[in-house]
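Colleague:
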Amino acid sequence: MELKEVFEKACDGRDIKEITELDLESAKSANLDGLPEELPELAIFNASNLGLDNLNGLPMMPKLHTLDLSENKLTGDALKVLIQKTPGLEQLNLCGNQIKTIDELKILSDVKSLLTLDLYENDVTQAANYREEVFKLMPKLRYLDGYDANNEEIEVSEADSNAEDGMSDVEDGDDDDVEEIGLSYLDSSKCLEEEDDSEDFQEKPRKRKAGPSDDAPEEKQAKDE
1 MELKEVFEKA
11 CDGRDIKEIT
21 ELDLESAKSA
31 NLDGLPEELP
41 ELAIFNASNL
51 GLDNLNGLPM
61 MPKLHTLDLS
71 ENKLTGDALK
81 VLIQKTPGLE
91 QLNLCGNQIK
101 TIDELKILSD
111 VKSLLTLDLY
121 ENDVTQAANY
131 REEVFKLMPK
141 LRYLDGYDAN
151 NEEIEVSEAD
161 SNAEDGMSDV
171 EDGDDDDVEE
181 IGLSYLDSSK
191 CLEEEDDSED
201 FQEKPRKRKA
211 GPSDDAPEEK
221 QAKDE
């Protein structure tokens, strides 16, 4: 389906100021042209598996905290727009894209609110000292591919709790909406069941999606195999 058609169906006649969660996964498009210039209340956005090779047309989303861009064709250059358009972004899923080098991720160091990043099925995960280098590049990052710098996996309950906290400032939300949103990022892509094949991180299979934590421990390097 065309992007605009999927968006209109998702809105279901609601004003864009009422949209707090948006799923465009059934659309196919190389970019996001055709979306409104701003989605002022949007908190969670699923744009996975659209065929995106750039983020042209990405709306201004000042309240967005969770963005799923998995299973697209994005490179690091496409991510520059996130700095301006998603100033409160906390959780970013980039699994299954075309990010090849650590240098391509440098732009994300300017997304100061980013806490959780998923990069499974990108060539960059095969880079030497991949995890160490990403945490060094983004010192505020708490979870990379579902694990913190100490290789501790985030608990689902912890992710849910933080998702609820992230929704506390969204007007007109109810408890059912919060519960659904808490799990939507966790279950958003096939990255759920993938294993990390990077050179310096092969001890643990990935079981769950990652989420932010208020108690991230200090960084230490993974055990050498």
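The letter at position 218 of the sequence shown is residue 218 when you use the UniProt record's numbering, and the numbering goes up by one with no holes.
Glycine included, every Cβ here is placed at the ideal spot set by N, Cα and C.
(1) Unbroken beta strand (DSSP E) runs of length 3 or more, entirely within the segment 36-105: which are they?
(2) Out of curiosity, what's the CA-to-CA distance linking residue 69 and residue 155?
(3) Distance, Cα to Cα, residue 95 vs residue 13?
(4) Looking at the structure shown, is residue 155 part of a helix, part of a strand, or coil, going by DSSP?
(5) Cα separation between residue 38 and residue 16?
(6) In the DSSP assignment, find the beta strand (DSSP E) that holds residue 21 and state where it starts and stops.
(7) Sort 91, 100, 136 and 105 by Cα distance to residue 115 and report the nearest one.
(8) What are the residues that DSSP puts in a beta bridge with residue 143?
(9) Can you tell which of 145, 113, 102 and 139 has its C-alpha closest to the C-alpha of residue 124?
(10) Enumerate in chain order the residues of its own chain whose CB-to-CB distance from residue 113 is below 6 Å, with the five nearest sequence positions on each side excluded.
(11) State the start and end residues of the unbroken alpha helix (DSSP H) segment that holds residue 10.
(12) Which one of 44, 134 and 53 has the shortest CA to CA distance from residue 28?
(13) What separation, rounded to the nearest whole angstrom, lies between the Cα atoms of residue 6 and residue 109?
Modeller: Per the coordinate set shown:
(1) 44-46, 66-68 and 91-93
(2) 22 Å
(3) 32 Å
(4) coil
(5) Take the alpha-carbon of residue 38 and the one of residue 16: they are about 8 Å apart.
(6) 21-23
(7) 91
(8) 116
(9) 102
(10) Cβ neighbours of residue 113 beyond the five flanking positions: 88, 89 and 90.
(11) Looking at the DSSP string, the run of the alpha helix (DSSP H) that includes residue 10 is 3-11.
(12) 53
(13) 32 Å
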